[in-house]
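Asker: Mind looking over this structure? Questions follow.
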Amino acid sequence: MLRFDHVTKQFGALKAVDDVSFEVKPGIITAVIGPNGAGKSTLVNMAAGSYSVSSGRILVGEVELQKLPKHRIAHAGLSRTYQNIRLFDGMSVLKNLEVALVPSGIAPLVADTFGLTGRAAAEARREKCHAVLAKLGLAAYAQRNAGSLAYGQQKLVELARAVVCEPRVLLLDEPAAGLNHGETEQLKQHILALRAPGLAMVLIEHDMKLIMAISDTIVVMNRGRVLAQGTAADIRANTEVQEAYLGQPGAIRDIEAAARGRRNRVRLREGEGLTWHQP
Amino acid sequence: MTSEAHPRLNPVRGAAALLAVPALVLVIGHFLPTYPLRVLDMILLYAVLGLGLNIVVGYAGLLDLGFVAFYAIGAYSWALLASGQFDIHLPFALVLFIGAGLAGLAGILLGIPVLRLRGDYLAIVTLGFGEIIRVLMNNLDGLTNGPQGIARIDEATLFGWTLATPLDFLYLLVGLLAVAFLFVWRIQESALGTALAAVREDQDAARGCGIDTTRVKLVAFGTSAMIGGACGVIFAAMQRFVSPESFTFWESLVIVLVIVVGGLGNPFGALLGATLLILVPELLRAWADYRLLLYGMALVLVILARPRGLIARDYGPSWLMRRLGGG
Amino acid sequence: MGSLILQQTINALTVGSIYALIALGYTMVYGVLRLINFAHSELFTAGAFIGLGLAGALGVAGHPLGGVAVGLVTFVAVGLIGVSVEIVAYRPLRGTSRLAPMLSALGMAVVIQNAVMLIAGRRPLIYPSFLPNGVVELFGAIVTYKQITIFTVAVVLMVGLELFVNRTTLGVRIRAVAENAETASLVGINPNMAISLIFFIGPGLGAVAGILYSSFYGVASFTMGFVIGMKAFTAAILGGIGSIPGAVLGGFLLGIIETFGTAWMPVLTGGLVGTEYRDIFAFSVLVLILLFRPAGLLGEHVSEETMVYKSDF
């Protein structure tokens, strides 16, 4: 469903992603793990169109994402969540979801503005949003301002926004970062419930417990390259991975410490100048 | 926020609310002497301008500092196409469309280089554009008659109805305001409004959600410019004289203030803001020299102390209808 | 012909050095706060008028050395105004929407311009020159001492700024905050201090530019900041907003484009487009740059890529 084909990303002299190829299959959850700086987030950002691709191809079906402008990538069936929450804070939760369902093209927009498409289409979109919110246990918050919700709820709203447009590929960029134990457990159930035959899920995470619990296949990255790929058991058994990083005493602890570090850091959003949000 | 699963409106109450206010304004208009009537006309005109600019500033969160340029394009459309300047005398209704169309076109042409970038360049480019239009008006003597302006513009006639007195224009402006009001309200409630709000909140995330941000910004910018152009046509028909002096940066500033003071992104805010910003200077004529200083202070103070303006975004027409419907 | 081109180049460098001095203020503020400081152009004007007032009070009009004193005092005075403007009108708005600080900056611009008007009057005032009189001939082109002085003062200030930013601890702190306020604050740099410093230096340089500009043209009016500010901002974009060498390059380049464009346009268009369109060149440059190279000539590549890079890592 989602295929990385010899993808490379160069930041100046640094190869953040170096000739990476693997495929993400529909119906299962693929986790991408690796230490900080392994290139996981770069990979996600390239697929989502936030970064340009230095060389190689990223395909959803037959569509080459690296050739599309960013907004068309969503139309190609790929949606994502963000490492740092990127909700539309000033809008209601419901509106946040509706954004993902805005019809593309000027003609449908104009028709919608003048009510030419009738109430039905808008109603249908709204119903769909309510259904997704209900599924994720957010029904009660539909009219609340997204920015006013608790951190864990915001993470879920972001997930809802990503799935409401029924994507074929869902990229989850550290969904459990900053969540407490109960919230992580809840998130796990929601992710498992989202598993569907037509949906390829990519999970980038530092929480090894979560990864081992829900991933069907795991891609291990290190220094921009794919080190290994396989089931949780394969990865645990893989000597190369063990040597390179899992097997070193405390390696998993290090990864989890890194994840905790991220929770507490200052959030600086581009475009707002100097802005401090404590998550 | 605004559109919860539409509670059933009481159609009678809704219609009454929609008709009562304009009817009241017209009734009051019949009792006013000429001078206050002119002030009332200007309030309505600035309210429409505010509604138009609100699409860009209030809904999309982009700062347009050259709105007066579109207003000027509309005004000069009427001045040139219905006067002795070139001895062209087109009908008012047609020029209303031409003026709005030209302004919209200018908006789109100006928006293309800028709107694909981040929002803040728009402010400086529109600021420059307003200045350019003024320089052109001043210097294209053959076309615009330069600083002297164009006088003896035709009396406007709309399908046999001659617009001669301020009261005639009050009827026209009430009609225009009602149409513009319903239009921007529709925009706010429609998918376009949702897309614009997303652009305002977080442009990158909006793109990630599949919104073609450049395109929706262009639609917003063009629509807003069209409303500005239509207002310009009416302004020229009302004054029957145009000169570059009417279209300085300060006019843009006043329109920005109308919506900032009234309440960004709220159509009611534009009405309240226009009322205050036209009425207060009329009452403080003795302080005319301090007018702009006070405007500047008002802008800073409102932004600092009440950034959502006098009427916050959430208390818009949809909120009112819910109150009336649910009441 | 050759001397004509030389003459125009000299004129271009004179006006360009003034644009560059003002552009520095825009670019530094934008680099750190991503804010177009609309008040900057009015601080330029305020600088010119404060200089004028000081000259009258001290009775030093016409003396170059007096000019140095007036320039220094004005630099500090306008710098302090700049710092206050930031503290009063911008700082409380950090972290809100992007629109709010821009509107506040616009309001401050209006306030300062009208304050100048109310104090100094609506009519343009004759400006005493602080610059030495006299001319030298250089390969057939005439260079006035005024031009030489303006260019020299500007270059000295710009080199001084460059040294300050790169060679001093304070300067390094400013750069750190501009690069990444978050990291800077983690290593113990107070961003507010760096921002205040920027709002001291930028307007100070702008104020000196105001004195030079008015001395050169012999007149000062309360509205003069508007167009100059536009042009200086264009220069900042042209060089690459956020980049200090970029602002300098952009200033000189814009001076050249404008001077030659204005001089040759009537010739090229057969008199159809005359010199009254001088102010349009800057705007055309601005639009063309935004169309084809929005990052400017020396700017870091301000594509979406770098933006997301900052927010997602």
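Protein chains in written order, with the working numbering: chain A, 13 to 291; chain B, 344 to 670; chain C, 858 to 1170.
Yeah, the Cβ is synthetic: ideal placement off N, Cα and C, and Gly gets one too.
(1) As a quick exercise: from 579(B), 558(B), 641(B), pick the residue whose alpha carbon is nearest that of residue 417(B).
(2) Anyone know if the C-beta pair for residue 392(B) and residue 574(B) falls short of 8 Å?
(3) Please give the ranges of any alpha helix (DSSP H) in the region 541–573 of chain B, keeping only runs that are unbroken, at least 4 residues long and fully inside the region.
(4) Should the region 1104–1112 of chain C be called in touch with the region 874–886 of chain C, which here means at least 3 C-beta pairs below 8 Å?
(5) Does any CB atom of chain C fall closer than 8 Å to the CB of residue 561(B)?
(6) Report yes or no: is there a C-beta of chain B within less than 8 Å of the C-beta of residue 66(A)?
(7) Would a C-beta distance cut-off of 8 Å place residue 209(A) and residue 39(A) closer than the cut-off?
(8) Put residue 186(A) into one of helix, strand or coil per three-state DSSP.
(9) On the DSSP bridge list, what partners appear for residue 504(B)?
(10) What does the alpha-carbon distance come out to for the pair residue 261(A) and residue 1143(C)?
(11) Using alpha carbons as the reference points, say which of 16(A), 24(A), 140(A), 41(A) lies closest to residue 32(A).
(12) With DSSP collapsed to three states, give me the class of residue 870(C).
(13) Please confirm whether residue 609(B) has its beta-carbon closer than 8 Å to some beta-carbon of chain C.
(14) Do the CB positions of residue 59(A) and residue 77(A) come within less than 8 Å of each other?
(15) Can you tell which of 22(A), 237(A), 244(A) has the C-alpha that lies nearest to the C-alpha of residue 230(A)?
(16) So residue 1096(C) packs on residue 1154(C), CB below 8 Å; how close in whole Å?
(17) Report the neighbours of residue 60(A) on chain B: residues whose CB is nearer than 8 Å to its CB, in chain order.
(18) Flag this pair as yes or no: are the beta carbons of residue 407(B) and residue 469(B) separated by less than 8 Å?
(19) For a cutoff of 8 Å on Cβ pairs, would you count residue 1134(C) as touching chain B?
(20) Between residue 121(A) and chain B, is there a C-beta pair that is closer than 8 Å?
(21) Can you list, in chain order, the residues of its chain whose CB lies under 7 Å from that of residue 166(A), leaving out five sequence neighbours each side?
(22) Please tell me whether residue 522(B) and residue 438(B) are closer than 8 Å, where the distance is taken between their beta carbons.
(23) Any beta carbon from chain A within less than 8 Å of residue 591(B)'s own beta carbon?
(24) Starting from the beta carbon of residue 530(B), find every residue of chain A whose beta carbon is closer than 7 Å, and list them in chain order.
(25) Please state the DSSP three-state secondary structure of residue 862(C).
(26) At 3 residues or longer, and completely inside the region 949–984 of chain C: list those beta strand (DSSP E) runs for me, N to C.
(27) Measure from the C-beta of residue 52(A) to each C-beta in chain B and report whether the shortest distance is under 8 Å.
(28) Residue 565(B) and residue 450(B) look like a contact to me (Cβ under 8 Å); what is the Cβ gap, rounded to whole Å?
(29) For a contact defined as C-beta to C-beta under 7 Å, what are the partners of residue 1143(C) on chain B?
(30) Suppose the cutoff is 8 Å on Cβ atoms and the five residues either side in sequence are ignored; what does the same chain contact list for residue 1117(C) look like?
(31) Do the region 61–72 of chain A and the region 524–537 of chain B meet, that is, are 3 or more Cβ pairs less than 8 Å apart?
(32) Any Cβ of chain B within less than 8 Å of the Cβ of residue 177(A)?
(33) Distance cutoff 8 Å, beta carbons only. Does residue 457(B) sit that close to anything in chain C?
(34) So, for residue 609(B): in the same chain, excluding its five sequence neighbours on each side, which residues have a beta-carbon less than 6 Å away from its beta-carbon?
(35) If you run the structure through DSSP and keep just helix, strand and coil, what is residue 531(B)?
(36) List the endpoints of the continuous beta strand (DSSP E) containing residue 216(A).
Answerer: Let me spell this out:
(1) 579(B)
(2) yes
(3) 546–551
(4) yes
(5) no
(6) no
(7) yes
(8) coil
(9) 501(B)
(10) Residue confidence for residue 261(A) is low, a pLDDT of 48 falling below 50, so the modelled location carries little weight; the figure read from the coordinates is stated next. Computed Cα separation, rounded: 58 Å.
(11) 16(A)
(12) helix
(13) no
(14) yes
(15) 244(A)
(16) 6 Å
(17) 551
(18) yes
(19) yes
(20) yes
(21) 97, 99, 158
(22) no
(23) no
(24) 125
(25) helix
(26) none
(27) no
(28) 5 Å
(29) 468, 471
(30) 865, 869
(31) no
(32) yes
(33) yes
(34) 654, 656, 659
(35) helix
(36) 212–216
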